[in-house]
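Report on one structure; see the data block that follows.
Here is the structure:
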């Protein structure tokens, strides 16, 4: 199992409620913990969609998030050979469980990433 979920959960166990720790663990399939809450599904969706958005930014002419549009990310989402490690099935499943359209998830996530573009170097 990738260790980041286990290490993160251990580090945060006394700082966050148990349902948050469970959400962290459940976003790693290998943990054996299934997502049950909206928090867990939101974490799954945001983890995957942020990777797709960043990958999209990295193929833009200036490699900047400011160049990325929702339409661009939607197009890349449909291209299965682009950013192959992104689990599009997890994004779709999480959107369904959360009752949010893919376009809206991308919009929210893209805006959030743009707010921290300097930290990301994008």
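Residue numbers (our numbering): 5 to 126.
Quick reminder that beta carbons are idealized off the backbone N, C-alpha and C, glycines included.
Every value quoted in this text rests on a predicted model; they were computed, and no experiment measured them.
Between which two residues does the alpha helix (DSSP H) harbouring residue i extend?
i: residue 96; result: 92-102
Quick one, which of the options has its alpha-carbon nearest residue i's?
i: residue 97; options: 14, 46 and 59; result: 46
i: residue 108; options: 49, 13 and 19; result: 49
i: residue 124; options: 101, 70 and 19; result: 70
i: residue 121; options: 90, 92 and 68; result: 68
i: residue 114; options: 92, 85, 51 and 36; result: 51
For residue i, which of helix, strand or coil comes out of DSSP?
i: residue 125; result: coil
i: residue 85; result: coil
i: residue 73; result: coil
i: residue 105; result: coil
Check whether the Cβ atoms of residue i and residue j sit closer than 8 angstroms, and answer yes or no.
i: residue 72; j: residue 60; result: yes
i: residue 25; j: residue 38; result: no
i: residue 55; j: residue 13; result: no
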